[in-house]
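Chains as they are written, first to last, in this note's numbering: chain X, 403 to 522; chain D, 270 to 882.
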């Protein structure tokens with residue numbers, strides 16, 4: 403394994419550096435992605451009990467054999483939703499990681515250069 | 270003495286021998302604490318996903334979900350959906366940050382993020398509490414399955430007690446011997462065994478049982494849902510025999526005649542199994558049907574249960590520990606996707622088994638073909654948690670029963686193994702290595718881990734034996750799934766708010782996190798105890814205590830309360846760790862991963878290498 407060092411202002415692993423500025427930039431992008439998907443997940447998931455409480459056509463009217471829309475969604479369709487959501491999230495998160503890794507290197511290099519310029 | 274299922278017993282013994290043998294085989298590769306607790310951090314995506322799934326799919330999933338559906342219809346199906354949905358929270362908010370942070374345990378995260386010993390030690394306490402809540406239903410499942418499988422006790426113990434003791438001892442042995450590497454390999458094998466067993470039961474239901482999902486659901490919905498209960502003659506005849514009249518409307522003529530015979534015998538303390546028309550707790554003016562919500566949960570609990578299940582997964586210490594075994598944050602995310610695929614397909618199958626059991630067991634009972642080791646009331650199982658082995662025996666004889674019984678034991682082994690590792694690491698790593706003897710040699714540290722495993726296995730065993738003694742098995746219709754959800758509720762209250770704010774809100778302070786954990790963790794514990802007391806009849810039926818005791822799942826209160834507490838106390842406190850930027854870079858920084866990727870170190874090698882750390 404390559405050299406690893408840590409100071410208050412930056413962390414270095416081999417030739418790759420994290421500064422607080424680069425990490426904050428990466429964090430904001432990751433937060434935007436995770437919380438956007440999180441909002442979709444919780445809205446859909448909590449909509450199910452909400453409809454179970456307040457929408458009779460959802461919980462009491464059979465639509466296929468004994469299946470109500472409620473039963474069908476909770477026992478089968480919800481999983482399609484979970485798989486689709488997690489698959490698209492992972493793809494986006496990996497793409498974001500790739501994009502942010504270049505951005506992090508650039509921000510870190512610029513920050514360190516500015517700091518060294520200031521010191522000299 | 271019940272009927273011995275020889276083929277099934279041989280299959281269970283075969284699985285057990287394989288499990289123990291694998292642990293012994295792996296022993297030679299377990300040298301360091303990283304090996305013992307984290308399998309050397311060399312577990313690949315699919316292997317880790319299988320192991321997480323094995324860790325996660327406990328007796329609650331294998332026996333409990335089908336049982337909950339059998340007993341409660343749609344409210345039971347939610348267990349499956351919620352158990353699966355929880356991993357979305359893990360993948361979106363927890364997985365990669367936790368892996369990037371490194372370390373061994375949740376307590377390490379709390380210490381590393383907030384920098385105080387007291388938060389680490391409190392986290393240890395909550396880890397142990399959550400783990401014990403989770404181990405209890407595994408032990409109960411062991412006793413229940415043994416009763417159906419063997420129907421006989423040993424060494425003067427009842428069949429239930431024998432099952433608890435034997436399973437407890439086997440798990441204790443193989444975890445002590447194999448550590449996380451042995452446990453990981455066993456969990457992979459055990460997951461695929463129990464997935465296949467569930468798949469086979471459903472295939473047999475569709476083929477041999479001639480089950481049709483949509484029509485079957487229509488059939489069970491054609492009449493009102495009924496509850497199975499064991500009551501005393503005194504209870505039946507109280508208030509002008511109101512309960513007895515209600516029982517008469519729910520039971521067949523023949524079934525009611527048997528109940529009437531017990532009543533006529535005149536012993537007020539005599540007990541008898543009866544069927545009672547189920548009440549709709551959600552839409553109180555509607556009759557209760559299998560395909561509608563409301564059998565178990567009122568409006569509050571509908572929301573609270575969903576929150577407990579989807580948030581609780583992210584608060585299970587044995588699952589969180591698994592994320593440290595991934596080679597990178599990206600691998601942690603990919604593992605979680607595959608977990609969702611693996612357990613999702615399993616959770617689609619389990620409610621089908623629950624519904625199919627409702628029809629097939631009833632048919633078999635009416636034809637006089639139902640297995641004798643299970644108890645029935647008018648064609649319904651007295652204990653719904655026995656549905657899987659009973660259904661399997663009806664559909665596929667001893668071979669399928671053997672596959673299911675071995676699957677049930679596999680589920681208990683894998684989950685309890687993970688919980689024992691989590692509990693052992695909480696004591697051995699978080700307390701012993703950090704505070705008692707930091708300079709201990711590796712061999713001593715591993716020894717302490719093993720002694721911790723021994724201790725917690727004995728505690729779990731004691732709890733398993735105590736469950737029927739306090740009457741919990743009669744207080745809840747599907748006890749295994751219920752008890753696991755309590756662990757989810759404690760985890761969701763204690764850990765998830767701390768983890769979410771610790772990862773995503775830089776201004777979280779140590780006092781804020783600690784206060785939030787106290788409110789969420791101990792608050793959940795309090796509400797659960799009150800609910801148990803209410804179910805056991807130790808609380809008044811009206812008033813504040815009755816209301817508090819009626820909350821089956823407290824998460825709708827405790828999670829927001831814990832989150833708010835963390836935010837308010839942190840804002841008032843304002844004392845961030847001096848090295849908060851360094852900590853932040855550790856959680857969200859990617860230099861380490863970029864570096865490892867450049868060198869190809871993010872690829873998995875093998876769990877059987879000699880790891881040097």
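Just so you know, even glycine gets a beta-carbon here, dropped at the ideal spot from N, CA and C.
Original post:
Could you give the distance in angstroms between the alpha-carbon of residue 290(D) and the alpha-carbon of residue 497(X)?
Top reply: Here the question's residue 290(D) lines up with position 21 in the second chain. Here the question's residue 497(X) lines up with position 95 in the first chain. Distance between the alpha carbons of residue 290(D) and residue 497(X) is about 43 Å.
Original post:
Apart from the five residues just before and just after residue 280(D), which ones in its own chain have a Cβ nearer than 6 Å to its Cβ?
Top reply: For this step, residue 280(D) is matched to residue 11 along the second chain. Only 671 and 675 meet the Cβ criterion.
Original post:
Mapping DSSP to helix, strand and coil, what is residue 432(D)?
Top reply: The residue given as residue 432(D) occupies position 163 in the second chain. Residue state for residue 432(D) is assigned as helix, using DSSP reduced to three classes.
Original post:
Taking only beta-carbon atoms, is residue 699(D) less than 7 Å away from chain X?
Top reply: Within the second chain, numbered from 1, the residue matching residue 699(D) stands at position 430. Not one chain X Cβ lies under 7 Å of residue 699(D).
Subject >> Whole-number beta carbon distance between residue 347(D) and residue 575(D), since they are thought to touch under 8 Å >> reply: What you label residue 575(D) is simply residue 306 of the second chain in a count that begins at 1. What you label residue 347(D) is simply residue 78 of the second chain in a count that begins at 1. Yes, residue 575(D) and residue 347(D) are in contact; Cβ-Cβ is about 7 Å, under 8 Å.
Original post:
What is the residue span of the alpha helix (DSSP H) that residue 448(X) lies within?
Top reply: Start at 1 with the first residue of the first chain, and residue 448(X) comes out as number 46. Residue 448(X) -> alpha helix (DSSP H) spans 422 to 456.
**OP:** Give, in chain order, every residue of the region 480 to 503 of chain X whose Cβ lies closer than 8 Å to some Cβ of chain D.
**Re:** 480, 481, 484, 485, 487, 488, 489, 491, 492, 495, 496, 499, 502 and 503
Original post:
When the cut-off is 7 Å and only beta carbons count, does residue 736(D) lie next to chain X?
Top reply: Locating residue 736(D) in the second chain gives position 467, counting from the first residue. Output row for residue 736(D): interface = no.
Original post:
Which whole-angstrom value is the C-beta distance of residue 732(D) and residue 401(D), which I expect to be below 8 Å?
Top reply: Residue 732(D) sits at position 463 when you count from the first residue of the second chain. Residue 401(D) sits at position 132 when you count from the first residue of the second chain. Contact between residue 732(D) and residue 401(D) holds, with the beta-carbon distance rounding to 7 Å and staying under 8 Å.
Original post:
Between which two residues does the beta strand (DSSP E) harbouring residue 497(D) extend?
Top reply: Looking up residue 497(D) in the second chain gives position 228. From DSSP, the beta strand (DSSP E) with residue 497(D) extends over 495 to 501.
Original post:
residue 466(X) touches chain D at which residues, Cβ-Cβ below 8 Å?
Top reply: Taking the first chain and counting its residues from 1, the one referred to as residue 466(X) is at position 64. Residues of chain D passing the Cβ test: 483.
Original post:
Three or more beta-carbon pairs under 8 Å between the region 482 to 489 of chain X and the region 351 to 369 of chain D, yes or no?
Top reply: yes
Original post:
DSSP on residue 774(D), reduced to helix/strand/coil?
Top reply: Counting from 1 along the second chain, the entry for residue 774(D) is found at position 505. Residue 774(D): coil per DSSP, three-state reduction.
Subject >> Length of the line joining the Cα atoms of residue 466(D) and residue 415(D) >> reply: Residue 466(D) sits at position 197 when you count from the first residue of the second chain. Residue 415(D) sits at position 146 when you count from the first residue of the second chain. Roughly 17 Å between the two C-alpha positions.
Original post:
How big is the Cα-Cα spacing for residue 827(D) and residue 784(D)?
Top reply: Your numbering for residue 827(D) matches position 558 in the second chain. Your numbering for residue 784(D) matches position 515 in the second chain. Computed Cα separation, rounded: 12 Å.
Original post:
If you measure from the beta carbon of residue 860(D) to each beta carbon in chain X, is any gap under 7 Å?
Top reply: Residue 860(D) sits at position 591 when you count from the first residue of the second chain. True, the Cβ-Cβ gap to chain X drops below 7 Å.
Original post:
So, are the CB atoms of residue 250(D) and residue 328(D) less than 7 Å apart?
Top reply: This structure gives no information on residue 250(D), because the portion of chain D shown stretches from 270 to 882.
Original post:
By Cβ distance, which residues of its chain are closer than 7 Å to residue 800(D), with the 5 residues on each side in sequence left out?
Top reply: In the second chain, counting from the first residue as 1, residue 800(D) sits at position 531. 818, 820 and 821.
**OP:** On a CA-only basis, which of 695(D), 404(D) and 838(D) is nearest residue 378(D)? Give me that one, please.
**Re:** Against the second chain, residue 378(D) aligns to sequence position 109. Ranked by how close their Cα comes to the Cα of residue 378(D), the residues 695(D), 404(D) and 838(D) have 695(D) in first place.
Original post:
Going by C-alpha distance, which of 330(D), 321(D) and 844(D) is nearest residue 748(D)?
Top reply: Counting from one through the second chain, the residue named residue 748(D) turns up at place 479. Measuring C-alpha to C-alpha distances from residue 748(D) to each of 330(D), 321(D) and 844(D) identifies 330(D) as the nearest.
**OP:** Please confirm if the region 315 to 329 of chain D is in contact with the region 540 to 549 of chain D, defined as three or more CB-CB distances below 8 Å between the two stretches.
**Re:** Short answer: they don't touch.
Subject >> Whole runs of the beta strand (DSSP E) within the region 469 to 541 of chain D, excluding any shorter than 3 residues >> reply: If we require 3 residues or more, the beta strand (DSSP E) runs fully inside the region 469 to 541 of chain D come out as 495 to 501.
**OP:** Under the assumption that residue 857(D) contacts residue 442(X) (Cβ atoms under 8 Å), give the Cβ distance between them as a whole number of angstroms.
**Re:** The sequence position of residue 857(D) within the second chain is 588, counting from 1. The sequence position of residue 442(X) within the first chain is 40, counting from 1. Not really, about 22 Å apart at Cβ, beyond 8 Å.
Original post:
Got a sec: is the Cβ-Cβ distance from residue 564(D) to anything in chain X below 7 Å?
Top reply: Working through the second chain from its first residue, we reach residue 564(D) at position 295. Residue contact with chain X for residue 564(D): absent (no Cβ-Cβ distance below 7 Å to any residue of chain X).
Original post:
Taking Cβ positions only, does residue 493(D) come closer than 7 Å to chain X?
Top reply: By 1-based counting over the second chain, the position of residue 493(D) is 224. No, residue 493(D) lies away from the interface with chain X (no Cβ there is under 7 Å from its Cβ).
Original post:
chain D partners of residue 447(X), CB-CB under 7 Å?
Top reply: Start at 1 with the first residue of the first chain, and residue 447(X) comes out as number 45. In chain order: 354, 575 and 579.
Original post:
Buried or exposed: residue 425(D), going by 16 or more other Cβ atoms within 10 Å of its Cβ?
Top reply: Translated into positions along the second chain, residue 425(D) becomes position 156. Classification of residue 425(D): exposed, given that the 10 Å Cβ count is below 16.
Original post:
What does residue 513(X) reach in chain D if we use C-beta pairs closer than 7 Å?
Top reply: By 1-based counting over the first chain, the position of residue 513(X) is 111. Ordered by position in chain D, no residue passes the 7 Å Cβ test against residue 513(X), which lies about 12 Å from the chain.
Subject >> Chain-ordered chain D contacts of residue 509(X) [CB-CB under 8 Å] >> reply: To locate residue 509(X), count along the first chain from 1; it is residue 107. By Cβ distance, chain D contributes nothing, its closest Cβ being about 12 Å from residue 509(X), past 8 Å.
Original post:
In its own chain, which residues sit with a C-beta less than 6 Å from the C-beta of residue 760(D), not counting the 5 before and 5 after it?
Top reply: Here the question's residue 760(D) lines up with position 491 in the second chain. Closer than 6 Å at Cβ, skipping near neighbours: 399, 581, 584 and 585.
Original post:
Less than 7 Å separating the beta-carbons of residue 474(D) and residue 467(X)?
Top reply: For the purposes of this step, residue 474(D) is taken as the residue at position 205 of the second chain. For the purposes of this step, residue 467(X) is taken as the residue at position 65 of the first chain. Cβ distance not < 7 Å, so residue 474(D) and residue 467(X) don't count as in contact.
Original post:
Are the CB atoms of residue 502(D) and residue 532(D) nearer to each other than 7 Å?
Top reply: Residue mapping note: residue 502(D) aligns to position 233 of the second chain, counting from 1. Residue mapping note: residue 532(D) aligns to position 263 of the second chain, counting from 1. Closer than 7 Å, so yes.
**OP:** Taking all protein chains shown into account, decide if residue 803(D) is buried (16 or more other Cβ within 10 angstroms of its Cβ) or exposed.
**Re:** Taking the first residue of the second chain as position 1, residue 803(D) is located at position 534. Buried, by the Cβ-count rule.
**OP:** Could you work out which residue in 689(D), 650(D) and 431(D) is closest to residue 452(D) when comparing CA atoms only?
**Re:** Counted from its first residue, the second chain places residue 452(D) at position 183. Among 689(D), 650(D) and 431(D), the Cα nearest to that of residue 452(D) is on 689(D).
**OP:** Could you tell me which chain D residues have their CB closer than 7 Å to the CB of residue 425(X), listed as they occur along the chain?
**Re:** Residue mapping note: residue 425(X) aligns to position 23 of the first chain, counting from 1. The contacting residues are 853, 854, 857 and 858.
Subject >> alpha helix (DSSP H) runs contained entirely in the region 480 to 514 of chain X, provided each spans 4 or more residues >> reply: none
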